[in-house]
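Chains as they are written, first to last, in the working numbering: chain A, 34 to 328; chain B, 3 to 443.
A short worksheet on the structure shown next.
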């Protein structure tokens, strides 16, 4: 079975390289009415959040723990990328895989009714709470860990095995974390930029974190889903398709030859800002060499 | 509301949304017009777009087919553009016979932007088949479809667009029954649409019925000059200005994040951050100028590569797939449009178009080249705003004079900031359907 899947994938990838004059790809339909309604809700929620923040700010402005960052603390605009050549080839491989295999499958999945997709998405979100809970403990953030535990308990029971995110309605919002963040908390710098095959942009620390998360899931084996080989294949693939279907990013939609640079820049800066938040109590763990960023 | 900001965030590579950093020690006045080029409301409308509560009703579902199509006349694809071998367009098909509306995107954009989505939804809801195409200045178009590789010339770009449209329509499935063809576009795409219709008026290969230009430029180069000026005034000249902007922005975001309770820098955090830190005219100007500059960087690179003008790309050793482009990117970020014109565009067209001079190239890139059609043909329409920051007063007057009662001028909206709004959509549909009577402003 596995070899058949691999053969099919290789054929698809090779077929992709063959010249085709016209290719039609059916995408999931756009839902503009629902999008507009969602935008309206977001706008309202934002206004409410701003008013709430303003009220809180008026009541008691908390003293900042640290002096605010200044421009002297900002990492260079360059990113530490010693494996750039390999990364760029992997990026191209991922883009092609996405275009010819991953997205068509995710698009097919996108034709399923919305409640079904939401159920699948919630199900995997709920499973990931186990990893989050463990890592929050390792990070010493017990409050967050308790929240993940609460979400897992509520959604697994009231949410019928995680198919419904009941906890979110009870104002327990999801806040996923993983082993990469734990490593950061323990003082590991992001390391070189790394494009992981089939996965996408990351850093070395993220790569190790991913392996750690996989190991955690495997060790805990929630619901016996990760070790039974017949089920774990299906679970892994469905999880990946659900993830892809929920990520708006499309390779090469910028059309820009500098897309790799843009993604690398944004990805690593986002990570570094998260690190700033993580080490707000102990910035000595944060400051690496001044340049390039991520080292 | 924030779709556009997020698009800016993603594309700019500098999280252009929270630019408050600039304001901290801004040389610019914080209140009132930052640049003299546009007023505060126009800048805000340009960045935020139509507020969700003012959007015209949209249909529940719009079917989408992505079409990747090879153009037989395409030039060899440079290694570094491995992903752009075919032109990518999007098509939404009506179940029965229907008119076809072709939408052309604005400068540097592909055919599936959030602005396009608003127009596509409205047109599909009104019963059109909808085909959406990238701007001829989008790198994907330059590589797959342009016959020169040097984008930004109204006539040449219209020629390439027109050829591409014919090929796409000829390749549509047989089930698609088209009764009439209309073209429309926003910003530069508006000017492109009008020139394509004028070309079709002579050659009659498609039989285009009507054309609507939404927020078009009158003179390409004067509009772009205004955007360059906006960049210099709000960010500074050269790459140093960008570096400074980045540092201030990073500090602002990191400080906000450190006091927030968020566990991730995600959409939620960025929405909140954008609302907190995007406040002054200078910041809004910087967001707009930066978005445009990113588009220019791509166009500059492709033009330099194809025209072999050697500004940043060594014509003898063009970059390959695994090569770093960071240095080239850094150099181009600091270059204004005037340099693209002087060093790539003008040399290329002067060498390939007999008798062309710098002055003639500027003159040929004005809507004047189709002034007779715009004046005399009742099937050209314009929608624009009195505070559109790419037009000056005389250009707006020229449009009003030339189009007569076939122009709708809205008081407010900046550049593209009222697309999708109820009145704008109602007028657009009236114009395309031949119901426009000029009094519904």
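Every residue, glycine too, gets a C-beta built ideally from N, C-alpha and C.
Closer than 9 Å to chain C by CB, residue i
| i | result |
| --- | --- |
| residue 161 of chain A | This model lacks chain C altogether, as its protein chains are A and B. |
Which listed residue (the options) has its alpha carbon closest to that of residue i
| i | options | result |
| --- | --- | --- |
| residue 290 of chain B | B:328, B:303, B:228, B:94 | B:228 |
| residue 373 of chain B | B:200, B:153, B:83 | B:200 |
| residue 435 of chain B | B:198, B:110, B:212 | B:212 |
| residue 317 of chain B | B:304, B:133, B:379, B:49 | B:304 |
| residue 253 of chain B | A:103, A:133, A:203 | A:103 |
| residue 417 of chain B | B:173, B:218, B:325 | B:218 |
| residue 185 of chain B | B:431, B:440, B:437 | B:431 |
| residue 450 of chain B | B:125, B:310, B:311, B:221 | This structure cannot settle anything about residue 450 of chain B, because the visible part of chain B is limited to 3 through 443. |
| residue 125 of chain A | A:254, A:242, A:234 | A:234 |
| residue 395 of chain B | B:224, B:249, B:278 | B:224 |
| residue 307 of chain A | A:217, A:201, A:206 | A:217 |
| residue 447 of chain B | B:87, B:64, B:45 | Past the edges of chain B, shown from 3 to 443, lies residue 447 of chain B, and the structure says nothing about it. |
| residue 355 of chain B | B:275, B:155, B:167 | B:155 |
| residue 206 of chain A | A:267, A:242, A:185 | A:185 |
| residue 72 of chain B | B:250, B:350, B:87 | B:87 |
| residue 177 of chain B | B:302, B:429, B:98 | B:98 |
| residue 54 of chain B | A:73, A:81, A:83, A:175 | A:73 |
| residue 124 of chain B | B:85, B:69, B:62 | B:62 |
| residue 337 of chain B | B:400, B:241, B:379 | B:241 |
| residue 75 of chain B | B:85, B:67, B:117, B:169 | B:169 |
| residue 346 of chain B | B:428, B:230, B:151, B:439 | B:151 |
| residue 216 of chain B | B:437, B:118, B:370 | B:118 |
| residue 296 of chain A | A:60, A:106, A:128, A:310 | A:128 |
Nonlocal neighbours in the same chain, by C-beta distance under 6 Å from residue i, ignoring five residues either side
| i | result |
| --- | --- |
| residue 415 of chain B | 47, 387 |
| residue 37 of chain B | The pLDDT assigned to residue 37 of chain B is 46, lower than 50, so where the model puts this residue is not dependable; a value taken from the coordinates is nonetheless given after this. Excluding residues within five positions, the ones whose Cβ falls inside 6 Å are 232, 235, 287. |
| residue 131 of chain B | 95, 96, 100, 102 |
| residue 180 of chain B | 102 |
| residue 138 of chain A | 274 |
| residue 165 of chain A | 181, 209, 210 |
| residue 366 of chain B | none |
| residue 443 of chain B | Note that residue 443 of chain B has pLDDT 47, beneath the 50 cutoff, so the model's placement of it is unreliable and the number below is only indicative. Contacts found: 410. |
| residue 433 of chain B | 214, 383 |
| residue 243 of chain B | 237 |
Anticipated Cβ contact below 8 Å, residue i with residue j, distance rounded
| i | j | result |
| --- | --- | --- |
| residue 231 of chain A | residue 130 of chain A | 6 Å |
| residue 135 of chain B | residue 183 of chain B | 13 Å between Cβ atoms; not a contact. |
| residue 79 of chain A | residue 277 of chain A | About 28 Å; that fails the 8 Å criterion. |
| residue 188 of chain B | residue 108 of chain B | 5 Å |
| residue 60 of chain B | residue 69 of chain A | 6 Å |
| residue 213 of chain A | residue 239 of chain A | 5 Å |
| residue 420 of chain B | residue 52 of chain B | 6 Å |
| residue 89 of chain B | residue 166 of chain B | 6 Å |
| residue 225 of chain A | residue 115 of chain A | 5 Å |
Cut-off 8 Å between Cβ atoms - residues of its own chain near residue i, not counting five sequence neighbours on either side
| i | result |
| --- | --- |
| residue 155 of chain A | 188, 192, 195, 196, 197, 198 |
| residue 82 of chain B | 307, 320, 321, 322, 323, 325, 327 |
| residue 343 of chain A | There is simply no residue 343 of chain A to check, as chain A begins at 34 and stops at 328 in what is shown. |
| residue 93 of chain A | Residue confidence for residue 93 of chain A is low, a pLDDT of 48 falling below 50, so the modelled location carries little weight and cannot support an answer. |
| residue 59 of chain A | 140 |
beta-carbon residue i near the ligand HEM non-hydrogen atom, thresh 8 Å
| i | result |
| --- | --- |
| residue 248 of chain B | Of the ligands one can find in the structure shown there are none, so the ligand HEM has no counterpart to examine. |
Close beta carbons around residue i, own chain, < 7 Å, minus the five adjacent residues each side
| i | result |
| --- | --- |
| residue 27 of chain B | Confidence in residue 27 of chain B is poor, its pLDDT being 29 and thus under 50, which makes the residue's placement unreliable; the coordinate value appears in the next sentence. Correct list: empty, nothing qualifies. |
| residue 111 of chain B | 136, 137, 140 |
Checklist entry - When Cβ atoms are compared, which residues of the region 326-358 of chain B fall closer than 9 Å to chain A? => result 326, 327, 328, 330, 331, 332, 334
Checklist entry - When Cβ atoms are compared, which residues of the region 248-268 of chain B fall closer than 8 Å to chain A? => result 248, 249, 250, 252, 253, 255, 256, 257, 259, 260, 261, 262, 264, 265, 266, 267
Checklist entry - In the region 287-300 of chain A, which residues sit with their C-beta less than 8 Å from some C-beta in chain B, listed in chain order? => result 287, 288, 289, 290, 291, 293, 294, 295, 298, 299
Item to check | Contacting positions in the region 46-68 of chain B - beta carbon closer than 8 Å to chain A | outcome: 53, 54, 55, 57, 59, 60, 61, 62, 63, 64, 65, 66, 67, 68
Checklist entry - Are the region 134-154 of chain B and the region 283-299 of chain A touching by the rule of at least three beta carbon pairs closer than 8 Å? => result yes
Checklist entry - Is the region 138-150 of chain A close to the region 168-179 of chain A, with three or more CB pairs under 8 Å? => result no
Checklist entry - Which residues, taken in chain order from the region 119-133 of chain B, show a beta carbon closer than 9 Å to some beta carbon of chain A? => result 119, 120, 122, 123, 124, 126, 127
Next on the checklist: Tell me which residues of the region 74-86 of chain B have at least one Cβ-Cβ distance to chain A shorter than 7 Å, keeping chain order.
Outcome noted: 82, 83, 84, 85, 86
Checklist entry - Hey, is the region 309-329 of chain B in contact with the region 264-273 of chain B, meaning 3+ C-beta pairs nearer than 8 Å? => result no
Checklist entry - Relative to chain A, which residues along the region 229-245 of chain B have a C-beta separation below 7 Å, given in chain order? => result 245
Next on the checklist: Quick check: the region 242-261 of chain B against the region 294-307 of chain A, are at least 3 beta-carbon pairs closer than 8 Å?
Outcome noted: yes
Next on the checklist: Tell me which residues of the region 133-148 of chain B have at least one Cβ-Cβ distance to chain A shorter than 7 Å, keeping chain order.
Outcome noted: 140, 141, 142
Item to check | Residues within the region 161-195 of chain A neighbouring chain B, beta-carbon criterion of under 8 Å | outcome: 177
Checklist entry - If you measure beta-carbon to beta-carbon, which residues of the region 55-66 of chain A are closer than 8 Å to chain B? => result 55, 56, 57, 58, 59, 60, 61, 62, 63, 64, 65, 66
Checklist entry - Mind listing which residues of the region 115-138 of chain A have their C-beta closer than 7 Å to chain B's C-betas, in chain order? => result 117, 118, 121, 122, 125, 128
Next on the checklist: Beta carbons nearer than 8 Å to chain B: which residues of the region 194-228 of chain A have them?
Outcome noted: 208, 209, 210
Next on the checklist: Counting only Cβ-Cβ distances shorter than 7 Å, please list the residues of the region 202-222 of chain B near chain A, keeping chain order.
Outcome noted: none
Item to check | Residues of the region 298-326 of chain B whose Cβ lies closer than 9 Å to any Cβ of chain A, in chain order | outcome: 299, 300, 303, 304, 307, 321, 323, 324, 325, 326
Checklist entry - When Cβ atoms are compared, which residues of the region 225-254 of chain A fall closer than 9 Å to chain B? => result none
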